[in-house]
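Quick note on this note's numbering: the sequence shown kicks off at 8 and runs consecutively.
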Amino acid sequence: MSTPTPNPAGAPPISAARARDVVDALRRGTVPQQGLGLFAVGLDRFADALDDDLATVARGGSAFHALRGEYGSGKTFFARWLAERAKRRGLAVSEVQISETETPLHRLETVYRRLTERLTTATHAPSALRAVVDSWFYALEEEVLDAGEADENDEAGLARAVDELLERRLADVARTTPAFSAALRGYRAAVAAGDGARAEALIAWLGGQRSVAASAKRAAGVRGDLDHFAALGFLQGMLTVLRDCGHPGLLLVLDEVETLQRVRGDVREKSLNALRQLLDEIDAGRFPGLFLVITGTPAFYDGQQGVQRLAPLAQRLATDFTTDPRFDSPRAVQLRLPGFDLASLGLLGRKVRSVYEVTARHPERIAVRADDDYLNELARAVTGSLGGKAGIAPRLYLRKLVADVLDRVDTFDDFDPRAHYTLTVKASELDEVERNAAANADDIELELP
Numbered sequence: 008m009s010t011p012t013p014n015p016a017g018a019p020p021i022s023a024a025r026a027r028d029v030v031d032a033l034r035r036g037t038v039p040q041q042g043l044g045l046f047a048v049g050l051d052r053f054a055d056a057l058d059d060d061l062a063t064v065a066r067g068g069s070a071f072h073a074l075r076g077e078y079g080s081g082k083t084f085f086a087r088w089l090a091e092r093a094k095r096r097g098l099a100v101s102e103v104q105i106s107e108t109e110t111p112l113h114r115l116e117t118v119y120r121r122l123t124e125r126l127t128t129a130t131h132a133p134s135a136l137r138a139v140v141d142s143w144f145y146a147l148e149e150e151v152l153d154a155g156e157a158d159e160n161d162e163a164g165l166a167r168a169v170d171e172l173l174e175r176r177l178a179d180v181a182r183t184t185p186a187f188s189a190a191l192r193g194y195r196a197a198v199a200a201g202d203g204a205r206a207e208a209l210i211a212w213l214g215g216q217r218s219v220a221a222s223a224k225r226a227a228g229v230r231g232d233l234d235h236f237a238a239l240g241f242l243q244g245m246l247t248v249l250r251d252c253g254h255p256g257l258l259l260v261l262d263e264v265e266t267l268q269r270v271r272g273d274v275r276e277k278s279l280n281a282l283r284q285l286l287d288e289i290d291a292g293r294f295p296g297l298f299l300v301i302t303g304t305p306a307f308y309d310g311q312q313g314v315q316r317l318a319p320l321a322q323r324l325a326t327d328f329t330t331d332p333r334f335d336s337p338r339a340v341q342l343r344l345p346g347f348d349l350a351s352l353g354l355l356g357r358k359v360r361s362v363y364e365v366t367a368r369h370p371e372r373i374a375v376r377a378d379d380d381y382l383n384e385l386a387r388a389v390t391g392s393l394g395g396k397a398g399i400a401p402r403l404y405l406r407k408l409v410a411d412v413l414d415r416v417d418t419f420d421d422f423d424p425r426a427h428y429t430l431t432v433k434a435s436e437l438d439e440v441e442r443n444a445a446a447n448a449d450d451i452e453l454e455l456p
């Protein structure tokens, strides 16, 4: 078994499995699901303020930030980096991509459904909904038994006591959304009766899924499907369940909210109003334990097809960005990503090289042939292939570094990237933003010095 390898940058030791997961994701050109702190660049300035927000949420408060950055600037990376920090504090996490067809923001029942589908904790992968609900009922049973309110040998008495405690815990939710607690009681009864199909159906209904068997809903005393108006009540109930089973809060990321700019005017207005409503409810204290983060482009926040279309929302998100970016407040409502330049790309490459060396067969060869000067040369070449736009280069830069350079150095003892590798960028390997930038470059095939 591989032992953890110290991180040269002074970070905690890196396990071989963790390093391999990171490198595999970068090789595919995707953002890793974990281990982002190992090679985060430019995010330290936000760490203390966000940790304070996470502490507030863990104490039963709430928090909100709007993340601002151009396409390719690392908004998804930032969100997953924050998610790692949240999980270390015991919070649950859900990342939802807003889209016109799959997850329209003006239909909050769809947002809630995606939330439960993507729900994850430090110990459970998506969807963690059933594991969370099972843990909650276990916690309620333990509390009842510890308080002497029931005997563990009296199954009927224990069930009654747990139901009574359930109602007390969900009293606030039941006043507006009684179906949530009814479905939970029905789920517990189905589990106790060994009716797996009914239990699965009710968990699905609790998660906002459609097409749940009518017989299962009828047995639990619930009707219909989750709608827009009940979605916030279900979110409130979910936060209560999470808190009682050891997860003090939920980090909810609504990614790519800027897609609202491309929908019909009436849909856009409904979506912006739904976002305003959600922020109002957070401010009113309805969602203790919720940390909401939305991501969008500057055009979404500043343009007339986005936030500015709804004055109350624009006022809530207003942040002064006329000053030097070096002095942006990390506690502001909007957080502006600093963006990459050639220097920060080189630093990013050095961090990833250190992670790669953890599982490399020939780490000494990696250090010599992909030295700092070469990493800087590669950064300049990749940026040049994208029309000089370093801000959108990280994904392609890391993919080329790992798949085309480091893998070959580690595999072939006579491979020298300066002598044997010429950077070639094909349109098929670029995303839309990168493709547009590459189209403006003078020459898409660049040979490294």
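Glycine residues also receive a C-beta, built at the ideal position from the N, C-alpha and C atoms.
- Under the 10 Å beta carbon count, Gly81 is surrounded by 16 or more other beta carbons and is classified as buried.
- Judged by DSSP secondary structure, Gln311 falls outside any alpha helix (DSSP H); it is assigned neither H nor E.
- Ser101 sits in a strand when the DSSP states are folded into three classes.
- Distance from the CA atom of Trp143 to the CA atom of Ala154, rounded to whole angstroms, is 17 Å.
- Under DSSP, Arg343 takes part in a beta bridge, and its partners are Arg75.
- Annotation for Gly303: the continuous beta strand (DSSP E) segment containing it runs Leu297 to Gly303.
- Excluding sequence positions up to five before and after Glu156, its CB lies within less than 7 Å of the CB of Ala168, all in the same chain and listed in chain order.
- Scanning its chain for C-beta atoms nearer than 6 Å, with the 5 sequence neighbours on each side dropped, one finds around Ile301 the residues Ala73, Leu261 and Val264, in chain order.
- Boundaries for Leu437: no beta strand (DSSP E) harbours it, and the DSSP string shows neither H nor E there.
- For Asp262, DSSP records a beta bridge to Gln104.
- Counting the other CB atoms within 10 Å of its CB gives Val365 a total of 16 or more, which places it among the buried residues.
- When DSSP states are grouped into helix, strand and coil, Thr127 belongs to the strand group.
- Per DSSP, Ala197 is one residue of the alpha helix (DSSP H) stretching across Pro185 to Ala199.
- Where Ser134 is concerned, there is no enclosing alpha helix (DSSP H), because DSSP gives it neither an H nor an E.
- A contact between stretches requires three or more CB pairs, one per stretch, nearer than 8 Å, and the stretch 309-326 fails this requirement with the stretch 348-365.
- Residue state for Leu430 is assigned as strand, using DSSP reduced to three classes.
- Within 10 angstroms of the beta-carbon of Arg402 lie 16 or more other beta-carbons, which makes it buried.
- Scanning the stretch 27-93 for uninterrupted alpha helix (DSSP H) segments of 4 residues or longer gives 51-65, listed from N- to C-terminal end.
- As the crow flies, the alpha-carbon of Val151 is around 29 Å from that of Arg95.
- By the Cβ-count criterion, Gly67 is exposed, with fewer than 16 other Cβ atoms from all chains shown falling within 10 Å of its own Cβ.
- Your pair Arg283 and Gln243 does not check out as a contact, with CB atoms roughly 18 Å apart and the cut at 8 Å.
- Between Lys224 and the set Thr266, Asp380, Ala190 and Ala367, the nearest pair of CA atoms involves Ala190.
- Three or more beta-carbon pairs separated by less than 8 Å are not found between the stretch 53-60 and the stretch 384-397, which leaves the two stretches without contact.
- For Leu257, the secondary structure class from DSSP, reduced to helix, strand or coil, is strand.
- Residue burial is scored here from C-beta neighbours: Asp335 has at least 16 other C-beta atoms within 10 angstroms and is therefore classed as buried.
- For Glu102, the number of other beta carbons within 10 angstroms of its own is at least 16, and it is reported as buried.
- By the criterion of a C-beta distance shorter than 7 Å, Pro345 is surrounded in its chain by Gly49 and Pro332, once the five residues flanking it on both sides are discounted.
- In summary, Lys407 is buried, with 16 or more beta-carbon neighbours lying within 10 Å of its beta-carbon over all protein chains present.
- As the crow flies, the alpha-carbon of Phe298 is around 5 Å from that of Ala70.
- Rounded to the nearest whole angstrom, the CA to CA distance from Thr108 to Val270 is 10 Å.
- Remark: C-beta atoms of Gly214 and Leu136 approach each other more closely than 7 Å.
- Across the set Asn160, Asp251, Asp59 and Glu149, the C-alpha of Asp59 shows the shortest separation from the C-alpha of Ala93.
- Between the alpha carbons of Pro424 and Pro133 lies a distance of about 40 Å.
- If you draw a straight line from the Cα of Gly79 to the Cα of Asp273, it is about 29 Å long.
- Rounded to whole angstroms, the separation of the alpha carbons of Leu233 and Asn160 is 37 Å.
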